[in-house]
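Taking it in order: structure first as structure tokens, then the write-up.
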């Protein structure tokens, strides 16, 4: 009976902790993206989502 109670408590704590982790990771992604007008490469992450003219290098974020 104690095992069931502990299991339920752990699952509840995990369910409550998940949204907090997602919000933090979203904030980290936003901080790591490149702003509009900055240079980008093929694998760069622009905040707008578009790296224009990048064929390896020398693109820019729209």
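Numbering (our numbering), first residue to last: 1047 to 1108. Using N, Cα and C, we set each Cβ at its ideal position, and we do this for glycine too.
**Prompt:** In or out: residue 1105 buried (at least 16 other Cβ within 10 Å) or exposed?
**Reply:** Locating residue 1105 in the chain shown gives position 59, counting from the first residue. By the C-beta density criterion, residue 1105 is buried, having at least 16 other C-beta atoms within 10 angstroms.
**Request:** For my contact list, residue 1086 and residue 1094 are in at a C-beta cut-off of 8 Å; report their separation, rounded to the angstrom.
**Result:** Within the chain shown, residue 1086 is the residue found at index 40, counting from 1. Within the chain shown, residue 1094 is the residue found at index 48, counting from 1. With a contact defined as Cβ atoms closer than 8 Å, residue 1086 and residue 1094 miss out at about 10 Å.
**Message:** Could you pull the DSSP bridge partners for residue 1092 from this structure?
**Reply:** Residue numbering aside, residue 1092 sits at position 46 when the chain shown is read from its first letter. The partner list for residue 1092 (beta bridge, DSSP) reads 1080.
**Prompt:** residue 1084 to residue 1049, Cα distance in whole Å?
**Reply:** Locating residue 1084 in the chain shown gives position 38, where the first residue counts as 1. Locating residue 1049 in the chain shown gives position 3, where the first residue counts as 1. Going from the Cα of residue 1084 to the Cα of residue 1049 covers about 55 Å.
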